[in-house]
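**Q** To convert, note that position 362 of the sequence shown is 343 in our numbering; the numbers rise steadily by one, no gaps.
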Amino acid sequence: MAASPRLIVVGLDCAEPSLLFEKWRDELPTFNRLMNQGTYGRLESCIPAITVPAWSCMTSGRDPGELGVYGFRRRSDRGYQKMTIANGDFIKFPRLWNYLSEAGWQVVVLSVPGTYPAKIVNGALVSGCLTPDTGSQFTQPSSLGPQLASSVNRYLFDVPNFRSGDQDRILRDIYALCNQTFTLSLNLLDQYEPDLLFFVELGLDRLHHALWKQMDPRHPLHEPDSPNANAIHDYYCHLDRCLAKLLERCPDSEVLVVSDHGAQPLMGGFALNQWLIEKGYLVLKETPTQPIFLEAAQVDWSRTKAWGAGGYYGRVFLNVQGREPEGCISFMDYQQERETLRAHLEDLQDPTGQSLGVKAHKPQEIYQQVRGIAPDLVVYFQNLAWRSLGSVGLDSLYHLENDTGPDDANHAQYGLMIHSDHARPGKGEISGAQIYDILPTLLNQFDLPVPRGLRGKILDW
């Protein structure tokens, strides 16, 4: 058997600390052992707390503003309708595996979001979700691609149509993706004998989105008698067994388990663009007779002051003269208009008349730098318990369903970390860890220089 890697980073997209640390800890012997002998705690994510850009923030030590990546999609120019996928080409900073490659480490990087198209490393890199297909540049070296594609009956980069509502098919695909990820990890360990193995398992995120209401009585659409009521619990147990098999192969490795954010029941959706229409910020040339996405609506841009994007959080853009093609807010009035709109948003109420708990962030207040075309306001609804709905033509501002397909969960600001080094005892449970701390802590751990300008601190684990 080949030697154990010096470091294994197990990424569990969307792993929720309240489930793994508390509710099911005693039923997860592998995770429990790592916590008992190591250091663990909640890991505060970036703002916004979503897969893209969170994994890039974690591995680069930079925030979304510095990266210029604010979600899965980004405005490619100052026009109104063109959004592009924020793939790995937009990340201009080195990531953990780049620093380690330069230090002479052999690395294997597998299925990390934000790594397509695959870039050269000292070892192997296989890109993850948002990769188009196996005919694209999804591996480095490129010769690895056909080998991986032929190793399984159906190579998965993600769970197809995980918002379709077809629960049984979604579950099958989630398990298939998980088993593929762990199997490829073991195979690449034998093939490359790396110093670093870093992979992300995406199925947990898709499972939370697809089946949370089956499990959680807090969910407004909870289904207590669902045959899939134990599906999330059973999958955490499956992950525990997969991890046990991996660590049995690598008994001497230092291990870091991390998630990019947590999860919580989706309590509702707020129709952001519909509200902007009612407040006179967004003007349509004609009112839709049924709900449609804003991209399909006839917008009078010359009279529109602001519009928004739907998703886990709200992105609000102002229409500024000299910046947008048909801007109607003068540069002199921009800051006041933004502050007024922020105040209106933060004063929103839920259907019962209670505060909706809105926090509207100015990018300049939360990021070290602001690159690319950032939203003018980054809007959290009830700390992500509610999501932003971007459709127009809706009959209400408040909804229990997502407007882009069935969705049971939204993200939570805190993910988790578990660090275990067989050579020394850990610190037990710690607090105050942030997603930006992972890179400088690992570089320091292995006596590598920590670049200046990183946002995070070095954790004492």
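Don't be surprised by glycine CBs; every beta carbon is placed ideally from N, CA and C.
Taking the continuous beta strand (DSSP E) assigned at residue 339, which residues delimit it?
**A** 339 to 342 is the span of the beta strand (DSSP E), which, as asked, contains residue 339.
**Q** For residue 417, which three-state DSSP category applies?
**A** It is helical.
**Q** If you scan the stretch 263 to 350 from start to end, which runs of the alpha helix (DSSP H) of 4 or more residues do you find wholly inside it?
**A** 315 to 327 and 344 to 347, all fully within the stretch 263 to 350.
**Q** Count the other CB atoms, across all protein chains shown, that sit within 10 Å of the CB of residue 250; report buried if there are 16 or more and exposed otherwise.
**A** Buried.
**Q** Please confirm whether residue 153 has its beta-carbon closer than 8 Å to some beta-carbon of chain D.
**A** Any reference to chain D falls outside this structure, which holds one protein chain only.
**Q** Span of the alpha helix (DSSP H) holding residue 258?
**A** Note, residue 258: alpha helix (DSSP H), 253 to 259.
**Q** Using DSSP bridges, identify the partner residues of residue 64.
**A** Partner(s): 56.
**Q** Which two residues bound the contiguous beta strand (DSSP E) that contains residue 391?
**A** Note, residue 391: beta strand (DSSP E), 390 to 393.
**Q** How long is the line joining the alpha carbons of residue 22 and residue 422, rounded to whole angstroms?
**A** Spanning the two alpha carbons is a distance of roughly 15 Å.
**Q** Suppose the cutoff is 6 Å on Cβ atoms and the five residues either side in sequence are ignored; what does the same chain contact list for residue 342 look like?
**A** The residues are 359.
**Q** Below 8 Å on the Cβ atoms is my guess for residue 19 versus residue 407; work out the distance and round it to an integer in Å.
**A** Between residue 407 and residue 19 the Cβ distance is about 4 Å, and since that is below 8 Å, they are a contact.
**Q** In whole angstroms, what separates the C-alpha of residue 402 from that of residue 11?
**A** Taking the straight line joining both Cα atoms gives about 14 Å.
**Q** Based on the DSSP output, what are the partners of residue 405 in its beta bridges?
**A** Residue 405 is bridged to 402.
**Q** Check whether the Cβ atoms of residue 281 and residue 246 lie closer than 8 Å to each other.
**A** In this structure, residue 246 does not lie closer than 8 Å to residue 281 by Cβ.
**Q** Looking at residue 42: is its Cβ nearer than 8 Å to the Cβ of residue 293?
**A** Against a cut-off of 8 Å, the Cβ pair of residue 293 and residue 42 comes out as no contact.
**Q** For the alpha helix (DSSP H) containing residue 78, list its first residue and its last residue.
**A** Unbroken alpha helix (DSSP H) run through residue 78: 77 to 83.
**Q** Grab me the residues of residue 278's own chain with a C-beta within less than 7 Å of its C-beta, minus the 5 sequence neighbours each way, in chain order.
**A** So the list reads 265, 269 and 373, once near-sequence residues are dropped.
**Q** CB-CB under 6 Å to residue 438, same chain, minus the five flanking residues each way: which ones, in chain order?
**A** Around residue 438: 418.
**Q** How long is the line joining the alpha carbons of residue 427 and residue 224, rounded to whole angstroms?
**A** Their Cα atoms are separated by approximately 23 Å.
**Q** Assuming residue 70 and residue 98 make a contact with CB atoms under 8 Å, what is their CB distance in whole Å?
**A** Going by Cβ atoms, the distance from residue 70 to residue 98 rounds to 7 Å, so yes, they are a contact pair.
**Q** Quick one: grab the DSSP three-state call for residue 164.
**A** Correct three-state label for residue 164: helix.
**Q** In chain order, what residues of the same chain have a beta carbon less than 7 Å from the beta carbon of residue 448, not counting five sequence neighbours either side?
**A** Because the chain is modelled from -18 through 442, residue 448 falls outside the range shown and cannot be assessed.
**Q** With DSSP run on the structure shown, which of helix, strand or coil describes residue 50?
**A** Correct three-state label for residue 50: coil.
**Q** Out of 188, 146, 233 and 222, which has the shortest C-alpha to C-alpha gap to residue 212?
**A** Closest by alpha carbon: 188.
**Q** Quick test of your reading: residue 389 and residue 200, contact by CB under 8 Å. State the CB separation rounded to the nearest angstrom.
**A** Rounded, the Cβ-Cβ distance is 7 Å, consistent with contact.
**Q** State buried or exposed for residue 178, treating a residue as buried only when at least 16 other CB atoms are found within 10 Å of its CB.
**A** Burial call: buried.
**Q** Just to check my reading of the structure: residue 34 and residue 95 have Cβ atoms closer than 8 Å, yes? What is that Cβ distance to the nearest angstrom?
**A** At roughly 7 Å, the Cβ-Cβ gap stays under 8 Å, so residue 34 and residue 95 are in contact.
**Q** DSSP three-state call for residue 213: helix, strand or coil?
**A** Three-state DSSP puts residue 213 in a helix.
**Q** How would you write the range of the beta strand (DSSP E) that residue 436 sits in, first residue to last?
**A** Neither: residue 436 is in no beta strand (DSSP E) and is coded neither H nor E.
**Q** Tell me which same chain residues have a C-beta within less than 6 Å of the C-beta of residue 259, skipping the five on either side of it?
**A** Taken in chain order, the list of residues that qualify is empty.
**Q** Does the beta-carbon of residue 381 have 16 or more other beta-carbons within 10 angstroms, so that it is buried, or is it exposed?
**A** Burial call: exposed.
**Q** Taking the Cβ atom as the reference point for each residue, do residue 135 and residue 353 lie within a distance shorter than 8 Å?
**A** No, they are not a contact pair.
**Q** For residue 329, which residues in the same chain have their Cβ closer than 6 Å to its Cβ, ignoring the five residues on either side in sequence?
**A** So the list reads 337 and 339, once near-sequence residues are dropped.
**Q** Rounded to whole angstroms, what is the Cα-Cα separation between residue 429 and residue 75?
**A** Whole-angstrom Cα-Cα distance: 14 Å.
**Q** Spatial neighbours of residue 436 within its chain, please: C-beta separation below 7 Å, excluding the five flanking residues on both sides.
**A** Contacts found: 42, 43, 44, 349 and 417.
**Q** Per DSSP, what kind of secondary structure is residue 140 in: helix, strand or coil?
**A** Three-state DSSP puts residue 140 in coil, outside helix and strand.
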